[in-house]
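Asker: Number 31 in numbering that gives the first Met the number 0 belongs to position 32 of the sequence shown; there are no gaps in the numbering.
Cβ coordinates follow ideal geometry from the N, Cα and C atoms, glycine included.
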Amino acid sequence: MSEEQKKILEAQLWGIANLLRGKISADDYRDYILGFIFYKYLSEKQYLYANGLLEGEEVTDYKEVTDPEILDAIKEESLMK
Numbered sequence: 000m001s002e003e004q005k006k007i008l009e010a011q012l013w014g015i016a017n018l019l020r021g022k023i024s025a026d027d028y029r030d031y032i033l034g035f036i037f038y039k040y041l042s043e044k045q046y047l048y049a050n051g052l053l054e055g056e057e058v059t060d061y062k063e064v065t066d067p068e069i070l071d072a073i074k075e076e077s078l079m080k
């Protein structure tokens with residue numbers, strides 16, 4: 000991606016953020032967005048932890064697990080940690 004494309008993308012993202020923010024103050028918007036960022040962080044950590052538990056198994060990607068027993072075991076192990 001060229002520098003010009005990055006600048007265009009940045010301008011578009013700021014435009015979208017301003018549109019979504021509407022009349023909310025920047026401080027309130029920051030608090031709102033920080034919640035989403037925190038959720039994304041937790042989600043990613045859980046995904047990586049689940050994949051770590053699956054090492055050596057047939058299915059090594061948590062997104063591909065369909066067996067309810069394996070899913071329950073991962074959930075229980077995650078809650079115990």
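Do the stretch 41–58 and the stretch 5–22 meet, that is, are 3 or more Cβ pairs less than 8 Å apart?
Answerer: The answer is no - the stretch 5–22 does not touch the stretch 41–58, with fewer than three Cβ pairs under 8 Å.
Asker: If you drop the 5 nearest sequence neighbours on each side, which residues of the same chain put their C-beta closer than 8 Å to that of Tyr48?
Answerer: Translated into positions along the sequence shown, residue 48 becomes position 49. Contacts found: Ser77, Lys80.
Asker: Under a Cβ-count criterion, where at least 16 other Cβ atoms within 10 Å of its own Cβ denotes burial, should Val58 be classed as buried or exposed?
Answerer: Taking the first residue of the sequence shown as 1, we reach residue 58 at position 59. Answer is exposed; the Cβ neighbour count stays below 16.
Asker: Rounded to whole angstroms, how far is the Cβ of Tyr46 from the Cβ of Tyr61, which I believe are closer than 8 Å?
Answerer: Within the sequence shown, the letter at position 47 stands for residue 46. Within the sequence shown, the letter at position 62 stands for residue 61. With 8 Å as the limit, Tyr46 and Tyr61 qualify as a contact, their Cβ atoms being about 6 Å apart.
Asker: Would you identify the three-state DSSP class for Asp66, choosing helix, strand or coil?
Answerer: The count along the sequence shown starts at 1 and reaches residue 66 at position 67. Asp66 falls in the coil class under three-state DSSP.
Asker: Cα separation between Glu56 and Glu63?
Answerer: In the sequence shown, residue 56 corresponds to position 57, counting from 1. In the sequence shown, residue 63 corresponds to position 64, counting from 1. C-alpha separation (whole angstroms): 12 Å.
Asker: Between which residues of its own chain and Leu52 is the CB-CB distance below 7 Å, once the five residues before and five after are set aside?
Answerer: In the sequence shown, counting from the first residue as 1, residue 52 sits at position 53. If we look at Leu52 and ignore the five residues flanking it on each side, its Cβ neighbours are Ile73, Glu76.
Asker: Would you tell me roughly how many angstroms separate the C-alpha atoms of Lys5 and Leu19, rounded to the nearest one?
Answerer: Numbered from 1 along the sequence shown, position 6 holds the residue referred to as residue 5. Numbered from 1 along the sequence shown, position 20 holds the residue referred to as residue 19. Rounded to the nearest angstrom, the two C-alpha atoms are 21 Å apart.
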